[in-house]
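Colleague: What follows is a single structure, and I will ask about it in a moment.
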Amino acid sequence: MTGFYRIRWESVGVCRRPNHRIPIGGSECRNDHDTAEFWRIRHFPTSGAACRNPVVRFPGFYRIRWESVGVCRRPNHRIPIGGSECRNDHDTAEFWRIRHFPTSAAACRNPVVRFPGTSAEFPIGSDGLSLTWGEKNTNSLLKKFHSVRHTTESGSQTSFIYTILIRMMTTDVEWWLIFIDVSMILSTVLAILLAIIFIVIVLTHRTCRKASMILSSTLCFAELFFGSVTASIAVFSLQNDRQQRVFQDSLCVFRGYMGFVGFCLLMNSCVLQAIYRYIVIVYPTRLSWQSARVQLIAISVTCLYCFVTMLPWFLTGNITYSIDDQVCLVSLQLSVPVIYNMFMTFVFPISIIMLIYKKLVYHVQQISIRATSNQTVFQARRNFTIVSRIIIIVIILLVLGIPYMIFNFMSFFTKPSRYHLRITVLLLDVFQPLTMMVIFLSNQPVMDIIKKWKCSMVNTIQPT
477 MTGFYRIRWE SVGVCRRPNH RIPIGGSECR NDHDTAEFWR IRHFPTSGAA
527 CRNPVVRFPG FYRIRWESVG VCRRPNHRIP IGGSECRNDH DTAEFWRIRH
577 FPTSAAACRN PVVRFPGTSA EFPIGSDGLS LTWGEKNTNS LLKKFHSVRH
627 TTESGSQTSF IYTILIRMMT TDVEWWLIFI DVSMILSTVL AILLAIIFIV
677 IVLTHRTCRK ASMILSSTLC FAELFFGSVT ASIAVFSLQN DRQQRVFQDS
727 LCVFRGYMGF VGFCLLMNSC VLQAIYRYIV IVYPTRLSWQ SARVQLIAIS
777 VTCLYCFVTM LPWFLTGNIT YSIDDQVCLV SLQLSVPVIY NMFMTFVFPI
827 SIIMLIYKKL VYHVQQISIR ATSNQTVFQA RRNFTIVSRI IIIVIILLVL
877 GIPYMIFNFM SFFTKPSRYH LRITVLLLDV FQPLTMMVIF LSNQPVMDII
927 KKWKCSMVNT IQPT
């Protein structure tokens, strides 16, 4: 065939793969019988030396895109390595063999791919189709191919069936991943819209311009930030899944870092809310602690804390691209980054909120016993109700964050299941609209404005 195959092996973990340029027969198509089996891809051995000087190993699937170069179609192989360590896949040692193209110009324009041990030939169209082969479905697909080939005589029908079969192979695994990506996008967009509505209500109504609303607005800004980051992550995953490609863009690692920062902001905004309510109930006379100035300082310190605590993993390269999950996050394994992130973004904030809740329960009970004013008891119970709604947010987060905690602990002893990061991000995205609903319910001034707006709409619609 004309030109050369360009086969690029990408670096994953400890394995380094060379950039192969394999010339095939010069600059024109000719018959090279001795190169019919010129190139065979074999699996990696398990030894460390082989890992440093590999031939190739198989992750259980291939993503092969066919691109146009001149008159011949040549495969640009992007064979992802499904993990960070070498493993021995004996059953895939001779899974894939590439044979040379025939000599004719027609064959050069309409190349085929042949599989070892079979007579199956798959023509590749001019529009650049993608093939995805897995270990489990290879035999069944080849059986389908042979049964179709033997029962079809027309060339046009055969070409049509080839195309259908290739489409089947490209969509065998990807549709449910695309469904997950779309679900994540819809959930985050809904949460972003609710956060924007809340912020607009607070900014446009004087009754909401109180010191107590600053922290609620901060929680909405944190949700807006986190929702925007997770939405961009979901869009990136959808693009890769739809095109069936393994691709890490220049912003992938940065999005992962901002995702950790956004989640940290969301959790610590709940902590600030709980601390503020604790001060209002336990120290109602300390008005300086409840001032807007003190709250703004606390918010600034919290934002700086979240950005700084996650920065080391961004600078040291611990945030890596996951091929299966199509996302850049810290790989789950027994390591300092995993334990650090689990405690700083999840365990510590929840522990602080639960401790405050326990102290408030005891304090409200004591007020009810010795209170001399019904107004004091009412005010304390009202603030306690608001804290209880913050606890509802934490409970939702706990329930939906259980898979992430389970995967974290699993990674200490064994390799987590496939798509574990994708499942974690999906649950966090589903959690975001529920969080915004609880925020609306826990802020009575905003709910009063919404009720007035509903009443005005009903009065406008009713005939006079």
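The sequence shown begins at 477 in the numbering used here and counts up by one. Glycine included, C-beta positions come from ideal geometry on N, C-alpha and C.
Decide yes or no for the touch test of the region 736–749 against the region 822–838: beta carbon pairs closer than 8 Å, at least 3 of them.
Modeller: Touching, yes.
Colleague: Report buried or exposed for residue 753, applying the criterion of at least 16 other Cβ atoms within 10 angstroms of its Cβ.
Modeller: So residue 753 ends up on the buried side.
Colleague: Between which two residues does the beta strand (DSSP E) carrying residue 805 extend?
Modeller: Looking at the DSSP string, the run of the beta strand (DSSP E) that includes residue 805 is 803–806.
Colleague: Between residue 754 and chain C, is there a C-beta pair that is closer than 8 Å?
Modeller: Within the model displayed, chain C is absent; a lone protein chain is all it includes.
Colleague: Whole angstroms are fine: how far does the CA of residue 932 sit from the CA of residue 905?
Modeller: Using only the alpha carbons, I get a separation of about 34 Å.
Colleague: Do you know whose CA, among 804, 842 and 925, lies nearest residue 710's CA?
Modeller: Closest option to residue 710, Cα to Cα, is 804.
Colleague: Distance check for residue 775 and residue 693, CA to CA, integer angstroms please.
Modeller: So the two alpha carbons sit approximately 11 Å from each other.
Colleague: At the level of alpha carbons, what is the spacing between residue 801 and residue 713?
Modeller: If you take the alpha carbons of residue 801 and residue 713, they lie about 8 Å apart.
Colleague: Quick one: measure Cβ to Cβ for residue 672 and residue 700, integer angstroms, because I've assumed they're closer than 8 Å.
Modeller: That belief holds up - the Cβ atoms of residue 672 and residue 700 are roughly 7 Å apart, short of 8 Å.
Colleague: Contact between the region 718–733 and the region 754–771 is defined here as three or more beta-carbon pairs at a separation below 8 Å; is this criterion met?
Modeller: Touching, no.
Colleague: For residue 656 and residue 788, I'd like the C-alpha separation in whole angstroms.
Modeller: Going from the Cα of residue 656 to the Cα of residue 788 covers about 30 Å.
Colleague: Classify residue 761 as helix, strand or coil using the three-state DSSP reduction.
Modeller: Correct three-state label for residue 761: coil.
Colleague: Would you call residue 815 buried or exposed, if buried means 16 or more other Cβ atoms sit within 10 Å of its Cβ?
Modeller: Counting Cβ neighbours within 10 Å, residue 815 comes out exposed, since fewer than 16 surround it.
Colleague: Please tell me whether, using a cut-off of 7 Å, the distance from the CB of residue 786 to the nearest non-hydrogen atom of the ligand MN is below it.
Modeller: This structure lacks the ligand MN; in fact it carries no ligand of any kind.
Colleague: Out of curiosity, what's the CA-to-CA distance linking residue 676 and residue 785?
Modeller: Whole-angstrom Cα-Cα distance: 31 Å.
Colleague: Could you check how far apart the C-beta atoms of residue 882 and residue 681 are, in whole angstroms? I think they sit under 8 Å.
Modeller: Actually they do not touch by this definition, with Cβ atoms about 43 Å apart.
Colleague: Which residue marks the beginning of the beta strand (DSSP E) containing residue 796, and which one marks its end?
Modeller: Residues 795–798.
Colleague: Is the Cβ-Cβ distance between residue 921 and residue 670 less than 8 Å?
Modeller: Not closer than 8 Å, so no.
Colleague: Take residue 664 as the anchor and find which of 917, 916, 911 and 772 has the nearest alpha-carbon.
Modeller: Comparing Cα positions, the closest option is 911.
Colleague: When the Cα atoms are used, what is the spatial distance from residue 683 to residue 928?
Modeller: Cα to Cα, residue 683 sits roughly 13 Å from residue 928.
Colleague: Relative to the C-alpha of residue 707, which residue among 729, 695, 687 and 735 is closest?
Modeller: For the residues 729, 695, 687 and 735, the minimum Cα distance to residue 707 belongs to 735.
Colleague: Could you check which residue in 667, 835 and 662 has the C-alpha nearest to that of residue 916?
Modeller: Nearest of 667, 835 and 662 to residue 916, Cα basis: 667.
Colleague: So residue 766 and residue 756 are supposed to be a Cβ contact under 8 Å. How far apart are they, rounded?
Modeller: The pair is a contact, with the Cβ atoms about 6 Å apart (cut-off 8 Å).
Colleague: By the three-class DSSP mapping on this structure, what secondary structure does residue 839 have?
Modeller: Here residue 839 sits in helix by DSSP.
Colleague: Going by DSSP, what residue range makes up the alpha helix (DSSP H) through residue 912?
Modeller: First-last of the alpha helix (DSSP H) with residue 912: 896–917.
Colleague: Terminal residues of the continuous alpha helix (DSSP H) containing residue 717?
Modeller: Note, residue 717: alpha helix (DSSP H), 688–719.
Colleague: Taking residue 792 and residue 739 to be in contact with their CB atoms under 8 Å, please state how far apart those CB atoms are, rounded to whole angstroms.
Modeller: With 8 Å as the limit, residue 792 and residue 739 do not qualify as a contact, their Cβ atoms being about 19 Å apart.
Colleague: Could you pull out every residue in the same chain whose Cβ sits closer than 6 Å to the Cβ of residue 810, ignoring the five residues on either side in sequence?
Modeller: Hits under 6 Å: 888.
Colleague: Kindly indicate which three-state DSSP category residue 722 falls into: helix, strand or coil?
Modeller: Note: residue 722 maps to coil in three-state DSSP.
Colleague: Given residue 930, which residues of its chain have a CB within under 8 Å of its CB, disregarding the five upstream and five downstream residues?
Modeller: Nothing listed; no residue qualifies.
Colleague: In three-state terms, what does DSSP make of residue 778?
Modeller: Residue 778 falls in the helix class under three-state DSSP.
Colleague: Should residue 819 go down as buried or exposed, given a rule of 16 or more other Cβ atoms within 10 Å for buried?
Modeller: Exposed: under 16 other Cβ atoms inside 10 Å.
Colleague: What residues in its chain sit with their C-beta under 8 Å from that of residue 874, if we drop five residues either side in the sequence?
Modeller: Excluding positions up to five away in sequence, the list reads 826.
Colleague: Checking 8 Å against the spacing of the C-beta atoms, do residue 833 and residue 795 come in under that value?
Modeller: Contact: no.
Colleague: Spatial neighbours of residue 758 within its chain, please: C-beta separation below 7 Å, excluding the five flanking residues on both sides.
Modeller: So the list reads 839, once near-sequence residues are dropped.
Colleague: In the structure shown, what three-state DSSP assignment does residue 682 receive?
Modeller: Helix.
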